[in-house]
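J.: Before I ask anything, let me first share the structure, which is written out below as C-alpha cells.
Number of protein chains: 2
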Amino acid sequence: MTLTDLQQDFILHFGEMGNRWGINRTVGQIYALLFLSEEPLNAEQITAALSISRSNTSMGLKELQSWNLTRQKSRPGDRRDYFTTPDDLWEIVRTLVAERRKREIDPTLTKLRELEMRGPGGDEYAEARIAELRELIEMMTQFHDEMERMETERLVQLMTMGRKLGSLLDKAPKMKLWGKTTT
Amino acid sequence: MTLTDLQQDFILHFGEMGNRWGINRTVGQIYALLFLSEEPLNAEQITAALSISRSNTSMGLKELQSWNLTRQKSRPGDRRDYFTTPDDLWEIVRTLVAERRKREIDPTLTKLRELEMRGPGGDEYAEARIAELRELIEMMTQFHDEMERMETERLVQLMTMGRKLGSLLDKAPKMKLWGKTTT
DNA sequence: CATGCGTTTCAGAAATTTCTGAAATGGCCG
DNA sequence: CGGCCATTTCAGAAATTTCTGAAACGCATG
C-alpha cells in the first residue's frame, strides 16, 4: 500500500485537524484514507498505509463506527471486513452534525432540565440564565430536527439561496407559514 | 466567594463538557462561572470560586478571550480587570460558531484549495473527491456568512419556522428568489 | 474439536495536555 | 526612581489521552 503525495498530505492534514474535531489523530487519518480510497479497505491495509499498529487501527475503526462514519462491506470468500465512507458527502455532514449534537448538546440539555427541576432556590439570576439557555438550545435542536428531515436536494437549495434568506423571511408571514410550534 | 449548589453543578457540568467542546475543563468552568454571575468577576474571585491556581485562571481567561467569549470591564478606582459574558445568548452562539469555523473549517478549506492547485497527478478519484469536498465546504461557509449577517430577531424567526421549511422551499422558486451564486 | 485466520481487548509505555508555583513583567503612584 | 499591585510567562509536575504488543477471543473449516 503506497500513498500518493496527494493522499499523504490530505491524510496528514486530517490527522492534525482530528484534534480540533474531538477525535484523535489516528482516527482522523483512517477516515481520510477511507475517504480518498475508491475501493473499500481492510484493517491490514489501513495499518500498512498509515504505519500504525494493528490494534490502533482496530480501535480507530471502532471509534469511527461509533460515530456512524463508516460503512462496512464483506467480500465473498474473504472473511475480513472492508471499510468505506459514504459516497454522498451530505450524508456525511448530516451524520457529523447529528453525532456532535448527541455528544455535545444533548447531555447539556438534559443537565439544564435537571437543574430547573429543582425549582427556585434563591439564586434568581442564575436560574433565569439557565432557563434562557435551555430555551435557546431547545429551539436550535428543534431546528436541527427539521433540517435533518430534509433530503439532500432540499438542503442544497436552502444553502444556495444565500443572500435571499433575509427577504425570504420578509415574505414568509404573508404566506401564512407561521404555524404554532411546540415549545 | 461561595457557590450555590446550582452554580456548582452547572459549573462542573461545563467543565466536563469542555473536553468534548475542544476547550479544557478549567476554561469551561471559568466560562460557566461568568455566565451565571450577574456581576463581573476579577481573576482573584474566579481563582477562589473554582479553587484553581491564579496562573491557571490567567491562562483560562486568555483562552476565553482568544475565543471572543468574554467581555472585559474596568471599574473606576480599581485596576483589576473584571470579566463577564455577553447578555445576548445569540451573540454567544454566533461567536461560538464563527470561532469554530475559523479553527475547524477554514484551515481545511485552505488545505483543500492548496491540494487542488497542484493540478492533476494521476489519482483521479482522490482528486475528484477533494474537489467535491471543497465545493461542499464552500457552500456551507457561504451559507454561514449569510446567517451571520442576520440579526438575532431574524434568526429566531428562521428557527421558529421549524417544519414549515420544506414547504417554504417549494414556494421559493415561484418567488424568483433564485439568484446566481458564485461557485 | 483442533486449527487457522482475523479481530478485539487490555495493561503498560509513550506522548500530549493541563496545571502549578515561582519568577518575570508592566505600569501607576508617591 | 523604587515600591506596590495585578497580571503574565514558563519550566517542570501531574493528569490524561493515545498507542503498542501480547494475549484473549470468535468463528468457520477440515
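Keeping their order, the protein sequence lines are chains Z and V.
Take the first sequence: its letter number 177 is residue 177 in the numbering used here, and every next letter is one higher.
Take the second sequence: its letter number 133 is residue 316 in the numbering used here, and every next letter is one higher.
For each residue, glycine too, the CB sits at the ideal point set by N, CA and C.
#1: Near V:A226, which residues of its chain fall below 6 Å by C-beta distance, leaving aside the five closest residues on each side in sequence?
#2: Can you pull out the residues from the segment 199-211 of chain V whose beta carbon lies closer than 9 Å to at least one beta carbon of chain Z?
#3: Measuring only from the beta carbon, is Z:Q157 closer than 6 Å to any heavy atom that is part of the ligand NAP?
#4: Got a sec, what are the start and stop residues for the beta strand (DSSP E) V:K168 sits in?
#5: Using C-beta distances below 7 Å, list every residue in its chain close to V:L247, excluding the 5 sequence neighbours before and after it, in chain order.
#6: Run through chain Z and tell me which residues come within less than 8 Å of V:I313, C-beta to C-beta.
#7: For the alpha helix (DSSP H) containing Z:T160, list its first residue and its last residue.
#8: Taking 7 Å as the CB-CB limit, is Z:H13 close to chain V?
#9: Considering just the uninterrupted stretch of the alpha helix (DSSP H) at Z:T57, what are its terminal residues?
#10: Determine, using beta-carbon pairs with one atom in the segment 8-17 of chain Z and one in the segment 287-297 of chain V, whether at least three such pairs fall under 8 Å.
#11: What in chain V is Cβ-close to Z:T108, meaning under 9 Å?
#12: Just confirm the distance between the C-beta atoms of Z:Y82 and Z:P120, as a whole number of angstroms; I'd bet it's less than 8 Å.
#13: DSSP has Z:N42 in a bridge; who is on the other side?
#14: Taking the alpha carbon of Z:M147 as the point to measure from, which residue in Z:L136, Z:R80, Z:A98 and Z:K62 has its own alpha carbon closest?
#15: Anything in the segment 79-105 of chain Z with a Cβ closer than 8 Å to a Cβ of chain V? List those residues in chain order, please.
#16: Please confirm if Z:G119 has its CB atom under 7 Å from at least one CB of chain V.
#17: Run the CB neighbour count on Z:G77, radius 10 Å, all protein chains shown included, and call it buried at 16 or more, exposed below.
#18: Quick one: does V:K256 have its CB under 7 Å from some CB of chain Z?
#19: Closer than 7 Å, CB to CB, is V:L319 near chain Z or not?
#20: Can you give the beta carbon distance from V:R286 to Z:R20, rounded, assuming they're within the 8 Å contact cut?
#21: Figure out for me which residue from V:A309, V:K256 and V:W273 has the closest Cα to the Cα of Z:R204.
#22: Report the residues of the segment 39-53 of chain Z with a CB closer than 8 Å to any CB of chain V, ordered along the chain.
#23: What does the alpha-carbon distance come out to for the pair Z:I137 and Z:R129?
#24: Taking Z:D9 as part of the alpha helix (DSSP H), name the residues at either end of that continuous run.
#25: Report back the beta-carbon spacing between Z:L34 and Z:T84 to the nearest angstrom; my notes put them in contact at under 8 Å.
#26: Would you kindly work out how many angstroms separate the C-alpha atoms of V:M342 and Z:L36, rounded to a whole number?
#27: Check this for me: beta carbons of Z:L3 and Z:A48, under 7 Å apart or not?
#28: Can you pull out the residues from the segment 136-150 of chain Z whose beta carbon lies closer than 7 Å to at least one beta carbon of chain V?
#29: Report yes or no: is there a C-beta of chain Z within less than 7 Å of the C-beta of V:Y308?
#30: Assuming Z:I105 and Z:T141 make a contact with CB atoms under 8 Å, what is their CB distance in whole Å?
T.: On the basis of the coordinates in this document:
#1: Counting only Cβ-Cβ distances below 6 Å, and skipping sequence neighbours, we find T240.
#2: Residues passing the 9 Å Cβ filter: E199, M200, N202, R203, W204 and G205.
#3: Within the structure as shown, the ligand NAP is missing, as the structure has no ligands at all.
#4: Missing from the structure shown is residue 168 of chain V; chain V here goes from 184 to 366 and no further.
#5: Contacts found: V210, I213, Y214 and T253.
#6: For V:I313, the chain Z residues whose C-beta falls within less than 8 Å of its own C-beta are L6, F10 and L36, listed in chain order.
#7: Residue range T152 to M161 is occupied by the alpha helix (DSSP H) that includes Z:T160.
#8: Z:H13 belongs to the set of residues whose beta carbon lies under 7 Å from a beta carbon in chain V.
#9: According to the DSSP assignment, Z:T57 belongs to the alpha helix (DSSP H) that extends over R54 to S66.
#10: The segment 8-17 of chain Z makes contact with the segment 287-297 of chain V; the number of CB pairs closer than 8 Å reaches 3 or more.
#11: Around Z:T108, the beta-carbon contacts reaching into chain V at under 9 Å are H196, F197 and M200.
#12: In fact, because the Cβ distance is near 57 Å, the residues do not count as touching under 8 Å.
#13: Answer is Z:Y82.
#14: Of the candidates Z:L136, Z:R80, Z:A98 and Z:K62, Z:A98 places its Cα closest to the Cα of Z:M147.
#15: Result list: L89, W90, V93, R103 and E104.
#16: Answer no: the Cβ-Cβ gap between Z:G119 and chain V never drops below 7 Å.
#17: Classification for Z:G77: exposed.
#18: Not an interface residue.
#19: Taking Cβ atoms only, chain Z reaches closer than 7 Å to V:L319, which makes this a yes.
#20: Right, their Cβ atoms sit about 6 Å apart.
#21: For residue 204 of chain Z there is no data in the structure shown, the boundaries of chain Z being 1 and 183.
#22: Of all residues in the segment 39-53 of chain Z, none is placed with a Cβ closer than 8 Å to any Cβ belonging to chain V.
#23: Using only the alpha carbons, I get a separation of about 12 Å.
#24: For Z:D9, the uninterrupted alpha helix (DSSP H) run begins and ends at D5 to R20, by DSSP.
#25: Rounded, the Cβ-Cβ distance is 6 Å, consistent with contact.
#26: It is roughly 35 Å from the alpha-carbon of V:M342 to the alpha-carbon of Z:L36.
#27: No.
#28: The segment 136-150 of chain Z vs chain V, Cβ under 7 Å: L136, M139, M140, Q142, F143, E146 and M150.
#29: Closer than 7 Å to some Cβ of chain Z, the Cβ of V:Y308 qualifies, so yes.
#30: Between Z:I105 and Z:T141 a beta carbon distance of about 6 Å is seen, short of the 8 Å cut, so the two are scored as contacting.
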